[in-house]
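Right, one structure below, let's go through it.
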Amino acid sequence: MENLRQAIDELEAQAGLDVRELSALVDRLQAVLCRELRDGVRRGDHLIEGKTPNGWVASACRVSGSSAADRLRVGEQLERLPRVAQAIRSGEIGYQAAAVICHLSDLLGEKREQIDEEQWIQFSKDFSIKNLRRLAEHARFVADPDGAERDTEEDYEQRYLYLSELGSMYKLDAVLDREGGMALKSALESLTKRLGPTDVRSPRQRRADAFKEIVQHALDRGTLPRRNGVRPHLSVHTTPDGLKGELGDGMPVPRKTVQRLACDCAMHRVVKAGSMVIDVGRAKRTAQPAHWRAIKARHTTCAAPGCERPIGWTQAHHLEFWSRGGETNAHRLVPLCYYHHRLVHEGGWQVVLAGERVEFIPPETPVMLRRRWGEKRWAA
Ligand SMILES: [Zn+2]
Ligand SMILES: [Zn+2]
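Using the working numbering, you'd call the opening residue of the sequence shown number 41 and step up by one each time.
Next up, the structure:
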């Protein structure tokens with residue numbers, strides 16, 4: 041150990057080291073460490089400290105529980121995989137690749153004889169760690185289908201989803217099984233593309249919006265099963281002048297948001313005397329099926345420039361807001377996706393009809409004007 045410390049002292053004083061060689065040495069040391077940890081556990085060193093093997097390794101090496109388990113596994117399996125152990129020593133393969141092979145060997149248990157070490161060393165040279173892991177997973181399925189199935193079931197039991205309130209926002213935290221995760225991933229991917237040149241959202245914001253869009257679409261379509269005889273929906277209480285609103289659970293909603301939600305929705309007229317409800321009218325959609333037919337005759341996508349969201353994923357935006365006396369008129373309705381509808385109501389964008397064309401004017405941003413002779417200038 042003293043020699044090693046001296047050697048490291050020397051290395052630290054040097055510059056311009058060969059990184060590949062250095063990395064191979066670190067990996068070699070890591071393998072030695074794994075062997076020592078394994079021997080320590082066999083001697084029962086962890087018991088002296090009153091810890092589990094994993095807990096002992098985690099505290100001795102100052103690593104997470106999963107890293108500790110990984111090191112113990114590698115220490116255990118390298119003894120059974122002499123060729124792999126030698127490949128780390130000679131620098132042929134790195135620690136991570138060896139860990140993948142050790143993991144496979146651990147999972148296969150008595151069926152580990154099926155591992156052709158030479159072949160796996162070659163795989164480690166040919167494939168990235170990610171692909172090597174996939175390969176190992178496949179090999180596991182082939183060699184031990186029952187065990188793999190059991191593990192999949194165990195993994196499946198770990199799934200969860202938490203939705204908690206975080207101030208005025210909600211926090212979503214979830215672990216999904218592979219099938220669910222892949223389904224969600226492909227659904228999100230179909231909705232996370234930028235919506236036209238004015239879309240300045242970050243990728244993470246687009247993913248959050250895509251998730252919300254999937255949920256809102258399901259609610260809007262009314263395809264979710266009924267709960268207490270009612271289709272699940274978001275209810276907002278407001279007054280005819282739309283000055284203030286409350287969500288169904290009493291949480292206040294800003295006026296602009298109430299106006300957007302009321303723009304395309306089913307409305308109930310509720311007459312109250314004091315706090316007593318004395319009359320509930322029939323639900324009436326602000327945009328009727330006939331209006332939608334007219335909208336679809338003019339548009340196939342969201343009307344915002346460059347936005348490709350299909351018409352089935354849009355809401356009918358009223359150019360004259362209904363509460364200001366604007367009767368629903370098919371020609372004054374513009375289909376907007378969730379993102380652009382929000383930009384218009386809450387984001388201060390203006391929608392203007394110029395003949396058949398729909399124009400979007402951003403709030404207080406310079407608008408590029410094209411003069412007749414082609415010269416460009418910026419106007420406020
Ligand atoms: Zn609207
Ligand atoms: Zn749009």
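No residue lacks a Cβ here, since even glycine has one placed at the ideal position from N, Cα and C.
- Three or more Cβ pairs closer than 8 Å define a contact, and the region 73 to 83 meets that threshold against the region 96 to 113.
- Taking the Cα positions, Leu228 is about 51 Å away from Arg83.
- In the structure shown, the three-state DSSP call for Ile401 is strand.
- According to the DSSP assignment, Gln70 belongs to the alpha helix (DSSP H) that extends over Val59 to Arg83.
- Secondary structure note for Glu89: it is in no beta strand (DSSP E), with a DSSP letter that is neither H nor E.
- For the pair Leu359 and Arg372, the CB atoms are nearer than the 9 Å cut-off.
- For His357, the secondary structure class from DSSP, reduced to helix, strand or coil, is strand.
- Distance from the CA atom of Gly207 to the CA atom of Gln328, rounded to whole angstroms, is 36 Å.
- When only Cα atoms are considered, Val374 and Ala302 end up about 15 Å apart.
- Contiguous alpha helix (DSSP H) elements confined to the region 149 to 219 occur at 157 to 166, 169 to 183 and 185 to 197, taking only those with 4 or more residues.
- Contact between the region 114 to 122 and the region 42 to 58 is absent: fewer than three C-beta pairs spanning the two stretches fall below 8 Å.
- By a beta-carbon distance limit of 8 Å, Thr297 contacts Glu386. Their separation comes to about 6 Å.
- Of the residues Trp160, Val114 and Asp58, the one whose Cα lies closest to the Cα of Glu132 is Trp160.
- At a cut-off of 3 residues, the continuous stretches assigned as beta strand (DSSP E) that sit fully inside the region 290 to 331 are 310 to 313 and 316 to 320.
- Of all C-beta pairs linking the region 123 to 130 to the region 90 to 107, fewer than three are shorter than 8 Å, placing the two stretches out of contact.
- By the CB criterion at 9 Å, Val140 and Ser164 fall inside the cutoff.
- Counted as a single uninterrupted DSSP element, the stretch harbouring His339 is not any beta strand (DSSP E), since DSSP gives it neither H nor E.
- For ligand 2, a non-hydrogen atom lies closer than 8 Å to the CB of Cys377.
- Apart from the 5 residues on each side of it in sequence, Gly352 has no Cβ closer than 7 Å to any other Cβ in its chain.
- Membership of Leu373 in the beta strand (DSSP E) is indicated by the continuous run Leu373 to Cys377.
- Between Arg246 and Arg234, the gap from beta carbon to beta carbon is short of 9 Å.
- In this structure, the alpha-carbon of Ile318 lies about 15 Å from that of His277.
- A contact is defined here as three or more CB-CB pairs under 8 Å, and the region 184 to 199 meets this definition with respect to the region 211 to 225.
- Contact check for Leu203 against Phe251 fails: the beta carbons are separated by 9 Å or more.
- CA-CA distance, Ile48 to Met41, rounds to 10 Å.
- In the three-state reduction of the DSSP assignment, Ala394 falls in the strand class, which pools E and B.
- Straight through space, the alpha carbons of Gly395 and Glu286 are spaced by roughly 37 Å.
- Collapsing the DSSP output to three states places Arg123 in a helix.
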